Amino acid sequence: MSDDSLSHPISWQPHQPADRVLMTLKTRGPQSVAVIAKALDVTAEAVRQQMARLHADGLVDSESRSAGCGRPTQIWFLTDAGNRRFPDTHADMTVQMINAVRQVFGDDGVDKLISVREAAMLATYRQALEGASDLPQRLECLARVRSAEGYMAEMRRDGDDFLFIENHCPICAAAQACMGFCRSELELFRQVLGEGVRVEREEHILLGARRCAYRVSARA
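Residue numbers (the working numbering): 100 to 319.
Rendered as structure tokens:
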């Protein structure tokens with residue numbers, strides 16, 4: 100399925116041209132100037148001007164890719180500095196708190212902390228999904244909630260399944276300090292979507308992917 104077919108828009112829509120280019124690369128991955136121009140409904144020359152500025156600031160870089168016959172295409176992508184423009188919420192303080200809990204209460208204390216967080220989020224999500232009668236509606240509601248929390252979430256159909264995609268992780272530093280957060284969020288999705296739904300993580304930011312993606316399907 101094409102990355103152009105979004106079934107749920109990202110909640111945050113930047114207004115500055117440079118930020119719109121960065122947002123497009125963040126949510127759709129490496130792209131050519133032509134594809135970005137089409138997505139933003141602007142001219143290719145306008146995108147090239149923004150790319151020149153962003154490249155000078157170290158926020159984007161490019162590589163040539165060959166697609167068979169013809170000239171190679173220049174593909175642009177976010178650098179580490181570009182990715183840091185999308186913040187990790189209170190990263191340093193969060194990691195310090197996790198380490199402090201681990202030192203005082205051990206790994207069991209961290210697990211209890213994650214469990215309390217998971218229970219609170221589950222209650223919030225279940226309330227947000229009240230009235231959503233089928234799986235697509237529940238995923239749409241969940242995407243809105245997660246986007247409001249900074250995950251830049253969206254839902255896409257993929258054959259008989261759905262892909263639940265999070266283009267950004269605002270707790271990435273915490274997840275790096277303790278993988279329990281990632282395990283907790285996967286379990287959270289399974290609980291809130293119900294027993295008749297299968298949820299499997301297919302892409303993971305902490306394993307080097309540009310996003311976290313979950314395949315969601317109704318159990319036979």
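No residue lacks a Cβ here, since even glycine has one placed at the ideal position from N, Cα and C. All of these numbers come straight from a predicted model, not from anything done at the bench.
- Here DSSP, grouped into helix, strand and coil, assigns D156 to coil.
- The alpha carbon of L287 has as its nearest neighbour, out of A151, R243, P269 and T223, the alpha carbon of T223.
- Under DSSP, A317 shares a beta bridge with V296.
- Contact fails between the region 204-220 and the region 292-310, because fewer than three Cβ pairs, one in each stretch, are under 8 Å apart.
- Pairing V194 with A272 gives a Cβ-Cβ distance under 9 Å.
- Annotated as distal: W175 and P116, with beta-carbon spacing of 9 Å or more.
- H303 is not a Cβ neighbour of F185, given a cutoff of 9 Å.
- Residue state for S283 is assigned as helix, using DSSP reduced to three classes.
- The region 251-261 and the region 275-283 do not touch, with fewer than 3 CB-CB distances between them shorter than 8 Å.
- Secondary structure note for L221: it is in no beta strand (DSSP E), and the uninterrupted alpha helix (DSSP H) holding it is A190 to A227.
- F288 is bridged by DSSP to nothing; it lacks a bridge partner.
- Bridge partners of M254 according to DSSP: F263.
- Only exposed fits L305, as fewer than 16 other CB atoms lie within 10 angstroms of its CB.
- When the five nearest sequence neighbours on each side are left out, the beta carbons in the same chain lying within less than 6 Å of the beta carbon of T123 are those of I135 and A138, in order along the chain.
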